[in-house]
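In this note's numbering, the protein residues as written are 214 to 349.
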């Protein structure tokens, strides 16, 4: 079962939500935690998440609460809700941020994560997909 977490560079947990994970309709292929993106792009301080959100159109920002999550394997959200951005907004953030990690993260996302989500509806390595589909 998908828990929404993927690991970037063996050290950063990234929460990615697909349509199957949430009870809302959204634009794009997935929602991704703005706070996790801020950490990966090495924004610092109290306003780190705002450094990501400033590149996003308001219509591409979703404040997710536990009541919005259908998949009970996804980690618990902050009680006040957490900012998630669409895949479209993420493109804008990565293109405009100027942060050194942006290109590396973008390569990982579009070469590994997105193809899996588009093919299977979740992110999983081929080994995990083989187990899920009983091909092992």
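Note that beta-carbon positions come from the ideal geometry of N, C-alpha and C, so glycine has one too.
- Comparing alpha carbon positions, the residue from 294, 264 and 234 closest to residue 309 is 264.
- In this structure, 314 is the residue among 314, 241 and 325 with its C-alpha nearest to the C-alpha of residue 251.
- Just measuring C-alpha positions, the residue of 325, 244 and 323 sitting nearest residue 272 is 244.
- For the pair residue 262 and residue 319, the Cα-to-Cα distance works out to about 18 Å.
- Cβ neighbours of residue 278 within its own chain (closer than 6 Å, five residues either side excluded): 290 and 294.
- As for any alpha helix (DSSP H) of minimum length 4 sitting wholly inside the stretch 252-276, the runs are 261-266, ordered along the chain.
- Residues of the same chain with a CB within less than 6 Å of the CB of residue 247, apart from the 5 flanking positions on each side, are 262, 265, 266, 296 and 298 in chain order.
- Nearest C-alpha to residue 302 among 347, 329, 276 and 269: 269.
- The straight-line gap separating the alpha-carbon atoms of residue 240 and residue 281 is approximately 16 Å.
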